[in-house]
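Structure record follows, encoded as structure tokens.
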Amino acid sequence: MNKPVEKDEIDLKAQEFIREVRSRTQPLDDNELDLIFNSGRSFNGWTDEPVSKEQIRKIFNLMKQCPTSSNCCPLRIKFVMSDEAKEKLGPVVNEPNRVKTLKAPVTAILGTDHDFHEHFKKLVPFRAEMMEKRFAENPDMIVPWANLNGALQAAYFMMAVRSIGLDVGPMQGINKPGMDGAFWAGTNVKTMFICSFGRGDETTVFKKLPRFDFDEACEIV
Ligand SMILES: Cc1cc2nc3c(=O)[nH]c(=O)nc-3n(C[C@H](O)[C@H](O)[C@H](O)COP(=O)(O)O)c2cc1C
Numbered sequence: 160m161n162k163p164v165e166k167d168e169i170d171l172k173a174q175e176f177i178r179e180v181r182s183r184t185q186p187l188d189d190n191e192l193d194l195i196f197n198s199g200r201s202f203n204g205w206t207d208e209p210v211s212k213e214q215i216r217k218i219f220n221l222m223k224q225c226p227t228s229s230n231c232c233p234l235r236i237k238f239v240m241s242d243e244a245k246e247k248l249g250p251v252v253n254e255p256n257r258v259k260t261l262k263a264p265v266t267a268i269l270g271t272d273h274d275f276h277e278h279f280k281k282l283v284p285f286r287a288e289m290m291e292k293r294f295a296e297n298p299d300m301i302v303p304w305a306n307l308n309g310a311l312q313a314a315y316f317m318m319a320v321r322s323i324g325l326d327v328g329p330m331q332g333i334n335k336p337g338m339d340g341a342f343w344a345g346t347n348v349k350t351m352f353i354c355s356f357g358r359g360d361e362t363t364v365f366k367k368l369p370r371f372d373f374d375e376a377c378e379i380v
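Shown next, in the form of structure tokens:
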């Protein structure tokens with residue numbers, strides 16, 4: 160039989176926080192679910208409503224709470240807002256996507272860090288050495304972990320954008336090596352895709368494409 164895990168003061172505080180939050184919250188209501196899921200669309204154009212740096216920080220601080228394998232947190236983001244950064248972005252976005260991207264208030268370049276395993280001292284302080292050894296002995300694990308967990312965090316990012324009432328326009332029609340050179344030089348971060356966000360202009364949305372029904376994609380076993 161497994162030995163029960165000893166719980167310290169910090170574990171108990173985390174559990175107390177969950178109890179306290181549960182005592183004052185409810186599941187999202189239908190309007191909130193519409194905002195994030197049912198009416199959430201991929202936008203192709205934007206209103207002039209600006210996005211603030213506070214909103215950008217809020218999105219990151221929501222996204223970062225969601226889970227990754229062993230808390231490896233490989234997502235890195237460049238938020239392109241300035242004219243100077245947009246000048247670098249334009250040439251590495253494929254032509255059909257370029258105009259709509261450069262008109263967005265902000266475009267997030269979502270990259271995944273293939274050196275994520277160098278940060279276990281911060282991210283997994285209670286068993287950093289064990290994790291470092293695991294990746295040193297199994298370097299083949301690095302790319303799949305970076306890709307899986309980076310994509311997960313990018314998805315959490317889009318849900319976080321919608322949860323604060325903004326819209327997303329994700330895109331992978333880009334020159335990824337070009338984007339790596341322009342925005343991630345000197346690092347081991349690899350661009351996954353870009354995501355413009357802001358207040359979407361609903362006149363730029365087309366008919367919604369079908370999704371699978373539950374029975375076509377799922378089985379309860
Ligand atoms: C990772 C990713 C890459 C995408 N790349 C592009 C793209 O290059 N160009 C484009 O117009 N739309 C792109 N899209 C948008 C999708 O086509 C869109 O999300 C999908 O058709 C669902 O549309 P909806 O969210 O409006 O229902 C991309 C979406 C994702 C998540």
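According to the numbering used here, the sequence shown holds residues 160 to 380 in order. Where a beta carbon is used, it is the ideal one built from N, C-alpha and C, also for glycine.
In the DSSP assignment, the residues bridged to M330 are I353. Distances taken from the Cβ of S355 to the heavy atoms of ligand 1 include none shorter than 7 Å.
Out of T363, N256, S228 and F238, the CA that lies nearest to the CA of I215 is found in F238. With a 10 Å radius around the Cβ and a threshold of 16 neighbouring Cβ atoms, F365 comes out exposed. When beta bridges are read from the DSSP output, T266 appears opposite V239 and S355. Each of E175, S228, V258 and I218 was checked against the Cα of T363, and the nearest Cα belongs to V258. C-alpha of N306 to C-alpha of T271: approximately 7 Å in a straight line.
The C-beta distance from N308 to S228 rounds to 5 Å, short enough to meet the 8 Å contact threshold.
Taking a cut-off of 8 Å on C-beta distances, the region 180-189 does not touch the region 278-287, as fewer than three cross pairs fall below it. Contact between the region 200-210 and the region 285-300 is absent, with fewer than three C-beta pairs closer than 8 Å. Remark: C-beta atoms of L325 and R358 approach each other more closely than 8 Å. Look at S211 here: in three-state DSSP terms it is coil, with no helix or strand label. The set of residues with any CB-heavy atom separation to ligand 1 below 6 Å comprises, in chain order, R200, S201, N256, P329, M330, Q331, G332, F352, K367 and L368. When secondary structure is reduced to three states using DSSP, S201 falls in the strand class. Per DSSP, reduced to three states, the secondary structure at D167 is coil, with no helix or strand assignment. The DSSP-derived three-state label of D372 is coil.
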